[in-house]
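Undergrad: Quick note: the sequence shown uses our numbering, first residue 2, plus one each step. We put the beta carbon where it would ideally sit given N, CA and C, even for glycine.
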Amino acid sequence: MSKKINLLNLNREGLCKLFLSIGEYSFRSNQLMSWIYQKDCLDFRKMTNFSSNLINKLEKISCIILPKLFRIFHSCDGTIKILIEVGYNQYIETVYIPYKNRTTLCLSSQIGCILDCKFCCTGKQPFVRNLFVFEIIGQILLVKKMINHLKLNNNKSITNIVFMGMGEPLLNFKNLVVSIKIILDKFGLGLSKRKVVISTSGIIPAIHELFKNIDVVLAISLHASSDVVRDSIMPINKRYKIKDLINTVAKYMVYSRANCGVISIEYIMIDGINDTKIDVFNLINLLKNIPSKINLIPLNNFSGLNYSCSNNKKIKYFFDILTQYGFIVTIRKSRGADIYASCGQLSGVFFK
């Protein structure tokens with residue numbers, strides 16, 4: 002007997018092909034997506050506009066299976082970290098971040114990470130595999146159920162998706178693209194392309210391919226303004242150098258409408274490593290020809306970290322200088338640090 006198809010692995014195009022293959026009209030894909038993503042229904046028998054014959058066909062060849070919500074951790078600031086089981090002794094982490102006017106969900110794309118960024122706890126974990134589409138989309142569906150069950154943030158729905166969790170999203174390119182197509186689809190989750198962010202350390206070939214497939218907000222995890230510094234904290238820079246990355250981003254900006262003409266630059270502040278006067282003026286020179294919103298991120302601590310965060314005076318100095326030179330600059334407020342849910346703290350390690 003052949004293995005059943007998990008329908009959460011298919012976007013609308015894939016579902017259309019499936020329905021046609023079983024002698025059904027392609028518009029059934031619209032109905033199915035609406036049931037799953039808008040009505041939160043995962044039971045074929047409760048899909049009232051499907052005939053018994055169609056339901057029997059679907060049950061014979063397919064299923065709708067979510068990953069397992071294993072445990073949740075509550076922060077004092079309202080942030081929630083969700084530990085999700087995706088295999089035997091395999092866990093990923095998703096972060097729910099409520100704000101006054103929006104609700105952001107930070108998604109993982111891999112189990113572990115191969116890039117070994119020196120300031121990131123995920124990079125300290127062994128890389129296991131890419132997540133399947135159902136494991137990416139499943140994070141959203143599990144959190145939607147959690148929101149309804151716990152009546153979180155006045156039951157406000159998820160308004161923003163950021164791929165800033167475990168793993169490098171662009172190294173799981175195929176499954177990432179299919180997942181985002183479901184997120185953007187009007188019969189799927191229906192989010193605006195300006196509300197979906199991919200944060201990448203700079204996989205240049207994948208950035209070239211990205212705009213050919215989807216248009217969402219691109220954020221660059223830069224964290225240094227020279228190759229010497231970036232080589233030391235982000236080994237991926239030895240393959241894709243900073244200037245080549247910035248040139249690639251500039252080309253992406255020509256095609257992207259989601260970014261609204263401004264690229265997001267993420268810059269973790271590490272004491273004595275990337276926070277000097279030379280570093281800030283290198284950064285200004287590097288980004289002088291590309292409209293940028295620079296997000297300064299205080300380094301978050303975790304066990305085994307060999308660096309410390311820049312002090313407030315240095316962070317403020319960076320902020321002031323960059324602002325004087327016309328950049329849009331923010332200082333990210335750490336959310337969920339007490340449950341190790343902040344930037345760079347996710348590990349997917351479950352301590353029993």
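For the putative contact between threonine 95 and valine 163, defined by C-beta atoms under 8 Å, what is the C-beta separation to the nearest angstrom?
TA: Actually they are not in contact, since the Cβ atoms of threonine 95 and valine 163 sit about 11 Å apart, beyond 8 Å.
Undergrad: Keeping to the same chain, check which residues put their C-beta closer than 8 Å to that of asparagine 312; ignore five residues upstream and five downstream.
TA: Answer for asparagine 312: Asp272, listed in chain order.
Undergrad: Roughly how far, in whole angstroms, is the beta-carbon of leucine 43 from the beta-carbon of leucine 16, given that I think they are within contact range, below 8 Å?
TA: Not confirmed; about 15 Å, so no contact.
Undergrad: Kindly indicate which three-state DSSP category serine 40 falls into: helix, strand or coil?
TA: In the sequence on display, residue 40 carries lysine and not serine. Here lysine 40 sits in coil by DSSP.
Undergrad: Around the C-beta of glycine 203, are 16 or more other C-beta atoms found within 10 angstroms, so that it is buried, or is it exposed?
TA: Glycine 203 is buried by the Cβ-count criterion.
Undergrad: Using DSSP with H/G/I as helix, E/B as strand and the rest coil, what is glutamine 126?
TA: Glutamine 126 falls in the coil class under three-state DSSP.
Undergrad: Which residue marks the beginning of the alpha helix (DSSP H) containing glycine 139, and which one marks its end?
TA: Here the alpha helix (DSSP H) through glycine 139 covers 134-151.
Undergrad: Can you give me the C-alpha to C-alpha distance between lysine 61 and lysine 5, rounded to a whole angstrom?
TA: Approximately 8 Å, taken between the alpha carbons.
Undergrad: What does the alpha-carbon distance come out to for the pair serine 52 and isoleucine 141?
TA: Distance between the alpha carbons of serine 52 and isoleucine 141: 28 Å.
Undergrad: Excluding the 5 residues flanking leucine 67 on each side, which residues of the same chain have their C-beta closer than 8 Å to its C-beta?
TA: Cβ within range, chain order: Leu9, Leu43, Phe135, Gly139, Leu142 and Leu143.
Undergrad: Would you tell me roughly how many angstroms separate the C-alpha atoms of isoleucine 316 and methionine 270, rounded to the nearest one?
TA: Computed Cα separation, rounded: 7 Å.
Undergrad: State the Cα-Cα distance for the pair serine 355 and serine 309, rounded to the nearest angstrom.
TA: Beyond the ends of the chain as shown, which are 2 and 353, falls residue 355; an answer cannot be given.
Undergrad: Measure the alpha-carbon distance for asparagine 12 versus serine 222 and round it to whole angstroms.
TA: So the alpha carbons of these two residues sit roughly 28 Å apart.
Undergrad: Helix, strand or coil for histidine 224, going by three-state DSSP, please let me know.
TA: Coil, per DSSP.
Undergrad: Any idea what DSSP makes of serine 265, helix, strand or coil?
TA: In the structure shown, serine 265 sits in a strand (DSSP, three-state: E or B).
Undergrad: Measure the alpha-carbon distance for threonine 331 versus tyrosine 268 and round it to whole angstroms.
TA: When rounded, the distance between both Cα atoms is 10 Å.
Undergrad: Taking a contact to mean a Cβ-Cβ separation below 9 Å, would you say isoleucine 205 touches tyrosine 241 in this structure?
TA: Against a cut-off of 9 Å, the Cβ pair of tyrosine 241 and isoleucine 205 comes out as a contact.
Undergrad: Could you check whether serine 335 and methionine 167 sit closer than 9 Å to each other, using their CB atoms as the reference points?
TA: No; because the gap between Cβ atoms is not below 9 Å, this pair is not in contact.
Undergrad: Consult DSSP for serine 27 and reduce its assignment to one of helix, strand or coil.
TA: Serine 27: coil per DSSP, three-state reduction.
Undergrad: Measure the CB-CB distance between isoleucine 295 and lysine 82 and report whether it falls below 9 Å.
TA: No. Outside cutoff.
Undergrad: With a threshold of 16 other CB atoms inside 10 Å of the CB of aspartate 245, please say whether the residue is buried or exposed.
TA: The residue in question, aspartate 245, is exposed, as its Cβ has fewer than 16 Cβ neighbours within 10 Å.
Undergrad: Check the C-beta distance from isoleucine 247 over to isoleucine 183 and give it rounded, since I have them as a contact under 8 Å.
TA: Going by Cβ atoms, the distance from isoleucine 247 to isoleucine 183 rounds to 31 Å, so no, they are not a contact pair.
Undergrad: What does isoleucine 162 pair with, by DSSP beta-bridge criteria?
TA: Answer is Leu106 and Val197.
Undergrad: Once you ignore the five residues that flank asparagine 103 on each side, which residues in its own chain have a CB closer than 7 Å to its CB?
TA: Correcting the residue type first, residue 103 is arginine in the shown sequence and not asparagine. Same-chain partners within the cutoff: Thr160 and Asn161.
Undergrad: Determine the direct distance from the alpha carbon of isoleucine 37 to that of leucine 306, and round the result to whole angstroms.
TA: C-alpha separation (whole angstroms): 41 Å.
Undergrad: Tell me which same chain residues have a C-beta within less than 6 Å of the C-beta of glutamine 346, skipping the five on either side of it?
TA: Excluding positions up to five away in sequence, the list reads Cys122, Asn301 and Phe303.
Undergrad: Determine which residues share a DSSP beta bridge with threonine 331 and list them.
TA: In the DSSP output, where bridge partners are listed per residue, threonine 331 has Asn296.
Undergrad: Does the distance from the C-beta atom of aspartate 41 to that of proline 236 stay below 9 Å?
TA: No, they are not a contact pair.
Undergrad: Nearest CA to the CA of valine 197: which residue from Val218, Val87 and Lys187?
TA: Of Val218, Val87 and Lys187, the residue nearest in Cα terms is Val218.
Undergrad: Straight-line CA distance for valine 250 to glutamate 14?
TA: Approximately 29 Å, taken between the alpha carbons.
Undergrad: Let me check understanding here. Comparing Cα to Cα, which of Leu55, Pro99, Leu323 and Tyr89 lies closest to valine 129?
TA: The candidate whose alpha carbon is nearest that of valine 129 is Tyr89.
Undergrad: For aspartate 254, list the residues DSSP reports as bridge partners.
TA: Per the sequence shown, residue 254 should be read as methionine rather than aspartate. Paired residue(s): none; methionine 254 is not in a bridge.
Undergrad: Can you find the residues in the same chain that come closer than 7 Å, C-beta to C-beta, to serine 27, ignoring five residues on each side of it along the sequence?
TA: Cβ within range, chain order: Cys17, Phe20 and Leu21.
Undergrad: Check each candidate in Asp280, Lys58, Cys107 and Met254 and name the one with the smallest Cα separation from leucine 84.
TA: Nearest option by C-alpha distance: Cys107.
Undergrad: Cα-Cα, which of Val178, Ser35, Asp78 and Arg29 is closest to glycine 191?
TA: Considering only alpha carbons, the answer is Ser35.
Undergrad: Find out if the Cβ-Cβ distance for the pair isoleucine 243, alanine 220 is shorter than 9 Å.
TA: It is not a contact, given that the beta carbons lie outside the stated cut-off.
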